Amino acid sequence: MMADKTFILRIKRQAAPQERVVWEEFEIRYRPHLNIITCLRDIAEKPITRAGDGTTPISYDANCLEEICGACAMLINGYPRQACSALVDNLEKPIRLEPLTKFPLIRDLQVDRSIMFENLKRMKCWVPIDGTYAIGPGPRMSPEQQQIGYPMARCITCGNCLEICPKVNDHTQFVGAAIINQVRLFNMHPTGNMHARERLEAMMGPGGIQDCDNAMNCVKVCPKSIPLTESNNEINRQVLKHAVWDWLNFSEGPTERDEEWKRLGIQK
Amino acid sequence: MKEPKIIVVGGGLAGLMATIRVAESGVPVQLFSIVPVKRSHSVCAQGGINAAKNLKGEGDSTWIHFDDTIYGGDFIANQPIVKSMCEAAPAIIDLLDRMGVMFNRTPEGLLDFRRFGGTLYHRTAFAGATTGQQLLYALDEQVRRFESEDKVQKFEGWTFLSAVLDENRICRGICAMDLKTMEVRTFPADAVIFCTGGIGAIFRQTTNSVVCTGTAQSALFQQGAYYANGEFIQVHPTAIPGEDKCRLMSESLRGEGGRVWVPRNAGDTRPARSIPEKERFYFLEEWYPKYGNLVPRDVATRAIYKVVFEEKLSLAGMNAVYLDLTHLPREMLDRKLEGVLEIYQKFVGPDPREEPMKVFPAMHYTMGGLWIDNERQATNIPGIFTAGECEYQYHGANRLGANSLVSCIYGGMVAGPAAVKYARNLEKGCDATPESVFYAEASRQREANDSLLNQQGFENPITIWKELGAWMTEHVTVVRVNANLQKTLAKLDELDDRFSRVNLADRTQWSNQTLQFTRELGNMLILARVITLGALARNETRGAHFKPEFPERDDKNWLKTTKASYNGGKIKLEYEPVDISLLPPRSRKY
Ligand SMILES: Cc1cc2nc3c(=O)[nH]c(=O)nc-3n(C[C@H](O)[C@H](O)[C@H](O)COP(=O)(O)OP(=O)(O)OC[C@H]3O[C@@H](n4cnc5c(N)ncnc54)[C@H](O)[C@@H]3O)c2cc1C
Ligand code: SF4
Ligand code: SF4
Ligand code: FES
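Protein chains in written order, with the working numbering: chain X, 8 to 275; chain D, 831 to 1420.
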């Protein structure tokens, strides 16, 4: 019988935040269409390193296994991406796995990304409805409008765009492209827009849009191809307008919704 | 009495809706979830959500939606509660629309609707092909708003272990474990709403997410909750076969015009697109001219089995059939279905706009679940309510596509206020429960952990799980033969025995995922038995439950709900009548 084809996985491990870093190597049996999560499960079933030493299974996060829940982001060959959709066939070997570096480590490949959810809260990323009672339909929306909003609404909060962003670091509180994009989404929604002013003010504060240097690394790693460049530019424009209008003592600035509706020839 | 304390376990669509309803009534909620709620399995739902809004001039109505659902479920669902759900559905869509869900629109700016299986009407609202994601996010955002007002406190990264029951078997709270620190703690509550989702992991290769293990349902079952209709398991006809997961290729692909076929000649190795039209066998269209590719899932799945295993007309080299979209306009595919097509491209490679997809049935959904009453989403344990896929109402013996999201949200809408009302009417709340009750439950759970951590042996939990999944998939999904079900029970005995010799490769007390998984596996083994026993007992064919030895529906003997209970390690089955007060059962022929 022919020996199974195998390949090497090198994993950066840390049993807990205060423990020391160790690199471990594993030899994995090759199968077509294998993804990184399946490799990690192989290791859990047989936690033995390439050198033949017993070890613990790797800690990691994963849920949907189809790149929609956002859980499994990690550095794969140095690049932030989702482990479930990273197919071994397409990766250079040996494959290197490391946890994301911009978030507090929990264990091995597991990190704590709750800061992103906190920032969504801080930026009031929701539509303020009156209640869940049956009070009729929502605002009408043109198909064009929906086609702009929907792609933005597909953010899976994976954090890859924060990981790659040079401006997300220990010295800034920069919220990152994912959050800016959500601010744009809610400012654009006819009802969400009612909080636009507060969002823009938060965006003008510490960690807001002015921290972004427009280097556009973020857009390259987004697994959902979200138009982050447009979102950053749009929020920049809204913030500038808001500042100018504020300065002129107007109570409310024009928003992307007005702009976009105008562009589409819709009368408010 | 002072403000009641309410806990919600699970933050998918059902849990988030229940949370919103409780918080809205002014009562604070503690919300527990293994994964951050925004990563719950509901995020996977692709195709859409049903509501008879009749915006296409077809004469659709909530009554027809009700009829389709009952008929699709082969008449074993309790009818009044299904009728209420169908009546509530249009307002649910409006509510989601108000919350900002980016539903697809018509040129007039109204909601667009597509067709789905088991109906002849355009009744399914959708947001691209990631509808579940968009709905989950909308509810998640509303919950975040309540969180910012301190009305909701989240415990993400915690797993529920057991209910705290007092000496009268009344629920007074929960015992849960922090998955980072492995701390085991109890939390008092006057009412608890469980919304812990599906059980796919019992079958391993399924369309479900990793955390869909049914561990919470199983734990409650072992504490005295009835589990109903466990034997009804839905196998979706079209998924990408996969080692780690079978990725769903949504029914919406067929709803928008996708066609299922195989080459007429066995062993045809030509590329799909070069096979001439007359040499293609569009078996669903030929066999079911009225519904065609949109027959309900149980029917489509059995048809695929028949073509592949009986007529031996599979695709060259693999058990699969074609799901073909190549005749449909690219612009429409991109606008309405991109999310699903993207999955196929990322995980398989070829562009489904250019090449027919290769798909095969995969375990997808459980119609069965925790037993609840017909009004309040209440289980038989006082103080425990449930909503979503983890309970058994609404879908009978076969769920119609796009009916789950609506049942989850509807169930959550009912369970929330019902739990509040129950809690407010309690004479004595959890505050009056002696400390010792909580202490005893926490100790019991800590001991369970310790005993696993200290256990000696050579068995690996993943290996046991793989065998469990393989057996359940082979014998307890599409075709059920009593002799094989018997063998599966014997296999479960063996797995139970080996489980008692599991060796944990990780004995640490920090984010120990091996310990978490092993506890889930123990609970999966018990639910697997409930499913298998229910299937063995039910000697008829109904909906997804297909027994070649008993090929007909048998209303005389089996128009009844299975109720499983657990006592001292023994599982008992009993039955109760189905409420068929609104629609007399008729034979089901598509
Ligand atoms: C791929 C796919 C596509 C689908 N598409 C559709 C569709 O288009 N239309 C449709 O109607 N239906 C669809 N379904 C079905 C539907 O998605 C599910 O039935 C539904 O989302 C279940 O929601 P839920 O709220 O009950 O549970 P889930 O969304 O699964 O949430 C369960 C929650 O419980 C938590 N939990 C579980 N166990 C514990 C525990 N022990 N302790 C603490 N928390 C716990 C989880 O963390 C999670 O938050 C689809 C299903 C799949 C698999
Ligand atoms: S443009 Fe650059 S600085 Fe701005 S968010 Fe993207 S990566 Fe970060
Ligand atoms: S914007 Fe893209 S990369 Fe950033 S969190 Fe969202 S999905 Fe991930
Ligand atoms: S597991 Fe959900 S994105 Fe990878």
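Just so you know, even glycine gets a beta-carbon here, dropped at the ideal spot from N, CA and C.
Remember, predicted model here, so these are calculated numbers, not experimental data.
Within 8 angstroms: the Cβ of T899 (chain D) and any heavy atom of ligand 1?
Reading the second sequence from its first residue, position 69 is the one you call residue 899 (chain D). Answer for T899 (chain D): no, Cβ out of range of ligand 1.
To the nearest angstrom, report how far apart L1351 (chain D) and P1093 (chain D) are at their CA atoms.
Residue mapping note: residue 1351 (chain D) aligns to position 521 of the second sequence, counting from 1. Residue mapping note: residue 1093 (chain D) aligns to position 263 of the second sequence, counting from 1. Each residue's alpha carbon lies about 41 angstroms from the other.
Taking 9 angstroms as the CB-CB limit, is G212 (chain X) close to chain D?
As a position in the first sequence, residue 212 (chain X) is number 205, starting the count at 1. So, not an interface residue.
Within 10 Å of its beta-carbon, does N1353 (chain D) have 16 or more other beta-carbons around it, so buried, or fewer, so exposed?
Here residue 1353 (chain D) is taken as the residue at index 523 of the second sequence, counted from 1. Answer is buried; the Cβ neighbour count reaches 16.
For the beta strand (DSSP E) containing I836 (chain D), list its first residue and its last residue.
One-based indexing of the second sequence puts residue 836 (chain D) at position 6. Looking at the DSSP string, the run of the beta strand (DSSP E) that includes I836 (chain D) is 836-839.
Since H1066 (chain D) sits in a beta bridge, which residues does DSSP pair it with?
Walking along the second sequence from the start, residue 1066 (chain D) turns up at place 236. DSSP, once it has assigned bridges, lists D:A1192 as partnering H1066 (chain D).
Report buried or exposed for L1282 (chain D), applying the criterion of at least 16 other Cβ atoms within 10 angstroms of its Cβ.
Here residue 1282 (chain D) is taken as the residue at index 452 of the second sequence, counted from 1. The residue in question, L1282 (chain D), is buried, as its Cβ has 16 or more Cβ neighbours within 10 Å.
Determine whether the Cβ of D68 (chain X) lies closer than 9 angstroms to any Cβ atom of chain D.
Here residue 68 (chain X) corresponds to residue number 61 of the first sequence, with the count starting at 1. Cβ-Cβ to chain D under 9 angstroms: yes for D68 (chain X).
Determine the chain X residues that contact N1123 (chain D) at a beta-carbon separation under 9 angstroms, and present them in chain order.
Position 293 of the second sequence, counting from 1, holds the residue named residue 1123 (chain D). Under the 9 angstroms cutoff, chain X gives no residues; its nearest Cβ is about 23 angstroms from N1123 (chain D).
Count the other CB atoms within 10 Å of the CB of P39 (chain X); is the residue buried (16 or more) or exposed (fewer)?
Reading the first sequence from its first residue, position 32 is the one you call residue 39 (chain X). It counts as exposed.
Residues in its own chain within less than 8 angstroms of E208 (chain X) by CB, not counting five upstream and five downstream?
One-based indexing of the first sequence puts residue 208 (chain X) at position 201. Taken in chain order, the residues that qualify are H249.
What does V118 (chain X) pair with, by DSSP beta-bridge criteria?
Translated into the one-based positions of the first sequence, residue 118 (chain X) becomes position 111. X:L112, per the DSSP bridge assignment.
Which same chain residues, not among the five before or five after V931 (chain D), have their C-beta less than 7 angstroms away from its C-beta?
Here residue 931 (chain D) refers to the residue found at position 101 when the second sequence is read from its first residue. The residues are A957, Q964, L965, A968.
Just how far apart, CA to CA, sit I923 (chain D) and S1341 (chain D)?
Counting from 1 along the second sequence, the entry for residue 923 (chain D) is found at position 93. Counting from 1 along the second sequence, the entry for residue 1341 (chain D) is found at position 511. One C-alpha to the other measures close to 39 angstroms.
Run through the segment 1340-1408 of chain D for me and flag every whole beta strand (DSSP E) of 3 or more residues, listed as ranges in chain order.
Runs of the beta strand (DSSP E) inside the segment 1340-1408 of chain D: 1390-1397, 1400-1407.
Give a yes or no on whether the minimum CB-CB distance between N82 (chain X) and chain D is below 9 angstroms.
The count along the first sequence starts at 1 and reaches residue 82 (chain X) at position 75. Before going further, note that residue 82 (chain X) is Leu rather than Asn in the sequence given. No, its Cβ sits nowhere closer than 9 angstroms to a Cβ of chain D.
Counting along the chain, where does the alpha helix (DSSP H) carrying S863 (chain D) start and finish?
Stepping through the second sequence from its first residue, residue 863 (chain D) is reached at position 33. Where S863 (chain D) is concerned, there is no enclosing alpha helix (DSSP H), although the beta strand (DSSP E) it sits in stretches over 859-863.
So who's on the other strand from F1288 (chain D), going by DSSP bridges?
By one-based count along the second sequence, residue 1288 (chain D) stands at place 458. DSSP output for F1288 (chain D) lists no bridge partner at all.
Any contact between the segment 1221-1236 of chain D and the segment 906-923 of chain D? By contact I mean 3 or more CB pairs, one from each, below 8 angstroms.
Yes: at least three Cβ pairs fall under 8 angstroms.
Measure from the alpha carbon of A1055 (chain D) to the alpha carbon of each residue in D:L1167, D:G1213, D:E854, then state which is nearest.
Taking the second sequence and counting its residues from 1, the one referred to as residue 1055 (chain D) is at position 225. Per the Cα distances, D:G1213.
At what residue ranges does the segment 907-975 of chain D contain a whole run of the alpha helix (DSSP H), taking only runs of 4 or more?
The segment 907-975 of chain D contains these whole alpha helix (DSSP H) runs: 909-928.
Can you tell me whether K1258 (chain D) is buried or exposed? The criterion is at least 16 other CB atoms within 10 Å of its CB, across all chains shown.
Taking the first residue of the second sequence as position 1, residue 1258 (chain D) is located at position 428. Exposed is the call here.
Pairing CB atoms from the segment 944-955 of chain D with CB atoms from the segment 835-845 of chain D, are three or more of them under 8 angstroms?
Counting Cβ pairs under 8 angstroms, fewer than three are found: no touch.
Which residues in the same chain have their Cβ closer than 8 angstroms to the Cβ of K227 (chain X), if we skip the five residues on either side of it in sequence?
As a first step, residue 227 (chain X) must be located in the first sequence, where it is residue number 220. Correct list, in chain order: I171.
With a threshold of 8 angstroms, establish whether the CB of E1034 (chain D) neighbours any heavy atom of ligand 4.
Here residue 1034 (chain D) refers to the residue found at position 204 of the second sequence. In the sequence as presented, Glu is not what sits at residue 1034 (chain D); that position holds Arg. For ligand 4, not one heavy atom lies less than 8 angstroms from the Cβ of R1034 (chain D).
Roughly how many angstroms separate the alpha carbons of D927 (chain D) and T1293 (chain D), rounded to a whole number?
One-based indexing of the second sequence puts residue 927 (chain D) at position 97. One-based indexing of the second sequence puts residue 1293 (chain D) at position 463. Looking at the two C-alpha atoms, the distance is approximately 45 angstroms.
Counting only C-beta atoms, is L207 (chain X) closer than 9 angstroms to chain D at any point?
As a first step, residue 207 (chain X) must be located in the first sequence, where it is residue number 200. No, no contact with chain D.
Kindly indicate which three-state DSSP category L843 (chain D) falls into: helix, strand or coil?
For the purposes of this step, residue 843 (chain D) is taken as residue 13 along the second sequence, with counting starting at 1. The answer is helix: DSSP assigns L843 (chain D) an H, G or I state.
Residues of chain D with CB under 8 angstroms from F124 (chain X), in chain order?
The residue labelled residue 124 (chain X) in the question sits at position 117 within the first sequence. Those are P866, K868, R974, listed as they occur along chain D.
Flag R103 (chain X) as yes if its beta-carbon sits less than 9 angstroms from any beta-carbon of chain D, otherwise no.
The residue given as residue 103 (chain X) occupies position 96 in the first sequence. No, its Cβ sits nowhere closer than 9 angstroms to a Cβ of chain D.
What is the C-beta distance between F14 (chain X) and V118 (chain X), in whole angstroms, given that I count them as a contact (C-beta under 8 angstroms)?
The residue labelled residue 14 (chain X) in the question sits at position 7 within the first sequence. The residue labelled residue 118 (chain X) in the question sits at position 111 within the first sequence. That pair is no contact at about 25 angstroms.
Can H1066 (chain D) and H1194 (chain D) be called in contact, C-beta distance under 9 angstroms?
To locate residue 1066 (chain D), count along the second sequence from 1; it is residue 236. To locate residue 1194 (chain D), count along the second sequence from 1; it is residue 364. Yes, the Cβ-Cβ distance between H1066 (chain D) and H1194 (chain D) is below 9 angstroms.
What residue from D:A959, D:I1029, D:E1289 has the CA that sits closest to P54 (chain X)'s CA?
In the first sequence, residue 54 (chain X) corresponds to position 47, counting from 1. It is D:E1289.
Alpha carbon to alpha carbon, how far is C1076 (chain D) from Y1269 (chain D)?
Along the second sequence, read from residue 1 onward, the residue named residue 1076 (chain D) stands at position 246. Along the second sequence, read from residue 1 onward, the residue named residue 1269 (chain D) stands at position 439. Looking at the two C-alpha atoms, the distance is approximately 42 angstroms.
I want to see whether chain X comes within less than 9 angstroms of A1192 (chain D), judged by CB atoms only; does it?
Your numbering for residue 1192 (chain D) matches position 362 in the second sequence. No, A1192 (chain D) does not count as interfacial toward chain X.
Which one or two residues does DSSP pair with M1007 (chain D) in a beta bridge?
Residue 1007 (chain D) sits at position 177 when you count from the first residue of the second sequence. Note: M1007 (chain D) sits in a beta bridge opposite D:T989, D:V1014.
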